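Engineer: Numbering (my numbering), first residue to last: 14 to 682.
Don't be surprised by glycine CBs; every beta carbon is placed ideally from N, CA and C.
Here the structure is a predicted model, which means the values were calculated and not measured.
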Amino acid sequence: MTSLGATVTCEGIRFAAWSQAARRLWVSVFDEQGNREIERLELHPEGEGVHALFVAGLGPGTRYGFRADGDYAPERGLWFDPDKLLTDPYAVEIDRPYAYDWRLGRRRGEGADTAPLVPKAIAAALPKPVQAAPPLFRAGGLIYEVPVRAFTMLHPDVPEKLRGTVAALAHPVVVEHLKKIGVGAVELMPVTASIDERHLPPLGLRNTWGYNPVTFMALDPHLAPGGIMELRNTVAVLRKAGIGVILDLVFNHTGESDRLGPTLSLRGLDNQAYYRHTSDGRLANETGTGNTVACDHPIVQEMVLDTLRHFVRDAGVDGFRFDLATILGRVEGTFDAEAPLLRAMRDDALLADRVLIAEPWDIGPDGYQLGNFPPFFLEWNDKYRDDVRRFWRGDAGMVGALATRLAGSSDVFAANGQDASRSVNFIAAHDGMTLADIVRYERKHNEANGEQNRDGHNENLSWNNGVEGDADDPAVAMARLNDQRALLATLFVSRGTIMLTAGDEFGRTQHGNNNAYAQDNAITWLDWPGRDQALERYTALLSTLRRAMPALSDTSFLAGQPPAGSEIPDVAWLTEMGVPLDEQSWQDPQRHRLVMILAADDDRSLAVLINGDRRACMFTLPERDGFFWAPAIETPDAADISRPISGRTVIFMIERVQTGTREKRNGGR
Numbered sequence: 014m015t016s017l018g019a020t021v022t023c024e025g026i027r028f029a030a031w032s033q034a035a036r037r038l039w040v041s042v043f044d045e046q047g048n049r050e051i052e053r054l055e056l057h058p059e060g061e062g063v064h065a066l067f068v069a070g071l072g073p074g075t076r077y078g079f080r081a082d083g084d085y086a087p088e089r090g091l092w093f094d095p096d097k098l099l100t101d102p103y104a105v106e107i108d109r110p111y112a113y114d115w116r117l118g119r120r121r122g123e124g125a126d127t128a129p130l131v132p133k134a135i136a137a138a139l140p141k142p143v144q145a146a147p148p149l150f151r152a153g154g155l156i157y158e159v160p161v162r163a164f165t166m167l168h169p170d171v172p173e174k175l176r177g178t179v180a181a182l183a184h185p186v187v188v189e190h191l192k193k194i195g196v197g198a199v200e201l202m203p204v205t206a207s208i209d210e211r212h213l214p215p216l217g218l219r220n221t222w223g224y225n226p227v228t229f230m231a232l233d234p235h236l237a238p239g240g241i242m243e244l245r246n247t248v249a250v251l252r253k254a255g256i257g258v259i260l261d262l263v264f265n266h267t268g269e270s271d272r273l274g275p276t277l278s279l280r281g282l283d284n285q286a287y288y289r290h291t292s293d294g295r296l297a298n299e300t301g302t303g304n305t306v307a308c309d310h311p312i313v314q315e316m317v318l319d320t321l322r323h324f325v326r327d328a329g330v331d332g333f334r335f336d337l338a339t340i341l342g343r344v345e346g347t348f349d350a351e352a353p354l355l356r357a358m359r360d361d362a363l364l365a366d367r368v369l370i371a372e373p374w375d376i377g378p379d380g381y382q383l384g385n386f387p388p389f390f391l392e393w394n395d396k397y398r399d400d401v402r403r404f405w406r407g408d409a410g411m412v413g414a415l416a417t418r419l420a421g422s423s424d425v426f427a428a429n430g431q432d433a434s435r436s437v438n439f440i441a442a443h444d445g446m447t448l449a450d451i452v453r454y455e456r457k458h459n460e461a462n463g464e465q466n467r468d469g470h471n472e473n474l475s476w477n478n479g480v481e482g483d484a485d486d487p488a489v490a491m492a493r494l495n496d497q498r499a500l501l502a503t504l505f506v507s508r509g510t511i512m513l514t515a516g517d518e519f520g521r522t523q524h525g526n527n528n529a530y531a532q533d534n535a536i537t538w539l540d541w542p543g544r545d546q547a548l549e550r551y552t553a554l555l556s557t558l559r560r561a562m563p564a565l566s567d568t569s570f571l572a573g574q575p576p577a578g579s580e581i582p583d584v585a586w587l588t589e590m591g592v593p594l595d596e597q598s599w600q601d602p603q604r605h606r607l608v609m610i611l612a613a614d615d616d617r618s619l620a621v622l623i624n625g626d627r628r629a630c631m632f633t634l635p636e637r638d639g640f641f642w643a644p645a646i647e648t649p650d651a652a653d654i655s656r657p658i659s660g661r662t663v664i665f666m667i668e669r670v671q672t673g674t675r676e677k678r679n680g681g682r
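1. Would you kindly work out how many angstroms separate the C-alpha atoms of V489 and G516, rounded to a whole number?
2. For a quick check, are the C-beta atoms of W405 and L500 less than 8 Å apart?
3. Reducing DSSP to helix, strand and coil, say where T320 ends up.
4. Need the endpoints of the alpha helix (DSSP H) that L727 sits in, please.
5. Give a yes or no on whether the C-beta atoms belonging to R402 and L474 are separated by under 8 Å.
6. Does E676 pass the burial test, meaning 16 or more other C-beta atoms within 10 Å, or should it be called exposed?
7. Exposed or buried, M411, counting other C-beta atoms within 10 Å across all chains shown (16 or more means buried)?
8. Are the region 92 to 106 and the region 132 to 147 in contact at 8 Å, needing three or more beta carbon pairs?
9. Can you tell me which of A362, D375, D361 and R89 puts its alpha carbon nearest to the alpha carbon of T347?
10. Measuring CA to CA, which of H443, L548 and V437 is closest to M491?
11. What did DSSP end up calling V584 once you bin it into helix, strand or coil?
12. Roughly how many angstroms lie between the CA atoms of L218 and E668, to the nearest whole one?
13. For D82, report the span of its beta strand (DSSP E) as first-last.
14. E589 by DSSP, collapsed to three states: which one?
15. Do the CB positions of E372 and L318 come within less than 8 Å of each other?
16. For D366 versus I259, is the C-beta spacing smaller than 8 Å?
17. For D293, count neighbouring C-beta atoms within 10 Å of its own C-beta (all shown protein chains included) and say buried if the count is 16 or more, exposed if not.
18. Which partner residues of S569 appear in the DSSP bridge assignment?
19. Could you give the DSSP three-state label for N679: helix, strand or coil?
20. For F389 and A428, I'd like the C-alpha separation in whole angstroms.
21. Per DSSP, W39 forms a beta bridge with which residues?
22. Below 8 Å on the Cβ atoms is my guess for V21 versus A163; work out the distance and round it to an integer in Å.
23. Identify whether L71 lies in helix, strand or coil by the three-state DSSP scheme.
24. Per DSSP, R49 forms a beta bridge with which residues?
25. Where do the ends of the alpha helix (DSSP H) carrying R550 lie?
26. In angstroms, rounded to a whole number, what distance separates the CA positions of R116 and E472?
27. If you follow the alpha helix (DSSP H) that P185 is in, where does it begin and where does it stop?
28. Here's the rule: buried if 16 or more other CB atoms are within 10 angstroms of the residue's CB, otherwise exposed. What is N48?
29. Could you tell me the boundaries of the alpha helix (DSSP H) in which N246 lies?
30. Could you spell out the range, first to last residue, of the beta strand (DSSP E) harbouring R418?
31. Across the region 380 to 388 and the region 407 to 421, are there enough close Cβ pairs to call them in contact, namely three or more that are closer than 8 Å?
32. What span of residues does the alpha helix (DSSP H) with M166 cover, start to end?
33. Taking 8 Å as the threshold (C-beta atoms), are A183 and N225 in contact?
34. Please classify W257 as buried or exposed, where buried requires at least 16 other C-beta atoms within 10 Å of its C-beta.
35. How many whole angstroms separate the CB atoms of V179 and V204, which I take to be in contact at a CB cut-off of 8 Å?
36. Is it a yes or a no for the region 593 to 610 touching the region 535 to 549, going by three-plus beta-carbon pairs under 8 Å?
Set out below in structure tokens:
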């Protein structure tokens, strides 16, 4: 950790901030309530942009903020204004949530002191570091994406005072649910302090996703009123249950937005250094939010690394998912897989073993970088999402694409001789339609967002099974349930890491809203009392099967070749007749059926029968002496291959040893 921020000692506090362009910096010290400024003390230049001051007699809990002065010329990227109270970028705790106010964006000389509008940083004596331990999560496991507030707001068994907080995730009923569905790690959507976009308050809305941070280390008081210790305690409880914690962090932009946005922290300290600019001096906007953090600047790189170290050292998290991660690898605007920040993550002693997940795109030039991150990154795979949706929607000619995704997406991740998939496979995520809505809405329905349904993706690769939205027809309801089961089954048999968004295991709906970031209400709150418990049990069975069979959770690419020491191919792709697909079959645009037979480690095979057609069909599987095919998942309606397999269905069959035979492979298929 650098010496920036507020360093608490037994004699007092050392305050330090960085700015190359400011002429003067101050620390403003406030009373215990954070309402009245009681001192304004000038920091002294120490060289290399650092300004610092030791103040004797102050202790933990001191409320403070910074102020900076220098040229004010926004057209040249200079925004200095001592009337703007600035949150310390290294603050690990703030005394209240950020709240947008138009006065925060007033030009110098046009507004009053913003101290009453801005949270105060709280000087904290950090606890003893968490005992070092390797991450629990391993590639190939199940990541469970959690919107912290929405997750427990309606959970009847979580005490009301805990609902919507990080602490609620440690409640026994929540832990029990996570274990039931086999979660390897929860991925917490942003829990650091964020601010609403300026268009939301007039609409009576607030950003509930949290992808609009101001500072990177301080947790949002709404979500973690107990600060870093609340996160630390929750991580410890989940870790004891065998579940890791991954934090979704946003380093690509901040809530200071475009030139009309509020001045809250980085902009007021040194806008030119902390943000990227175009050649004519305007703020670069490769994020779609109005600004882009300059992750190729050394001071920004150190701030990002210090943030990651903080959450590992002081909370014990397994790792991180990076929003719009292409920004982190841009050097002078161009993505470089060997960018200094990405290399530093790999080389850092505290971070080298952490789970790192990239969302491999931004909206800038050449921003789509799926498959191009360094090998130590896992990557969100939107090609997987789209191809699986297209197959189950019934698009023509998708069997080959489906097989590629099931096999680990080697077309994306096998470059440079890599033999294992770095894919994070998902069908639905926070951004877009829920899994249940994919099969009940053909179009987005974002009217509640106040933007006349113009926001969000227009193409969702979704279908409604004949009726848009709610339907009373039992046949429609059954078709939608079957489609959800088929989508889930596909996910759980796919090579690579898999991700499920909280509630998709029991049919959560956002009523067609595919951009529900501003809906802090029943649209996004998980309906625990009304959940589909049968679908939830099916998800748990899928997860149990995946964990019980290493052939499913393995991340090496399926190649159709025997692994070392075996004569049996790792996978066989068959038609419904039980014969290998030939080139004509792979290219048949009307083919919607596929059989995947995986060689299991225990000398048995697992067959995945995929009937994407709407018509029932008989499936035939190759037989071996001494074995017979039996359902791999025991459910009341478990299918077998003695009768037609219903349309829109995925069936699992496993070889079992016939009575009186040895469980030993004694021949080919």
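Structural biologist: According to the structure data:
1. So the alpha carbons of these two residues sit roughly 21 Å apart.
2. Yes, the pair counts as a contact, with Cβ atoms nearer than the cut-off.
3. In this structure, T320 counts as helix in the three-state DSSP scheme.
4. Nothing can be reported for residue 727, as the shown portion of the chain is limited to 14 through 682.
5. yes
6. Since pLDDT at E676 reaches only 43, below the 50 mark, its modelled position is unreliable, and the value read off the structure follows with that caveat. By the neighbour-count rule (16 or more Cβ atoms within 10 Å), E676 is not buried but exposed.
7. buried
8. yes
9. D375
10. L548
11. strand
12. 54 Å
13. R76 to D82
14. coil
15. no
16. no
17. exposed
18. A433
19. The predicted position of N679 is uncertain, since its pLDDT is 35 and thus under 50; a value taken from the coordinates is nonetheless stated next. Here N679 sits in coil by DSSP.
20. 14 Å
21. E55 and R80
22. In this structure V21 does not touch A163 by the C-beta definition: roughly 35 Å separates them, more than the 8 Å allowed.
23. DSSP places L71 in the coil class of the three-state scheme, outside both helix and strand.
24. Beta-bridge pairing links R49 to no other residue.
25. Q546 to A561
26. 38 Å
27. P185 to K193
28. exposed
29. G240 to K253
30. Taken as a continuous stretch (DSSP letters only), R418 belongs to no beta strand (DSSP E), being part of the alpha helix (DSSP H) at V412 to L419.
31. Between the region 380 to 388 and the region 407 to 421 there are fewer than three inter-stretch CB-CB distances shorter than 8 Å, so the stretches are not counted as touching.
32. Careful: M166 lies outside any alpha helix (DSSP H) and carries neither H nor E.
33. no
34. In the sequence as displayed, the identity of residue 257 is Gly instead of Trp. Counting Cβ neighbours within 10 Å, G257 comes out buried, since at least 16 surround it.
35. 6 Å
36. no
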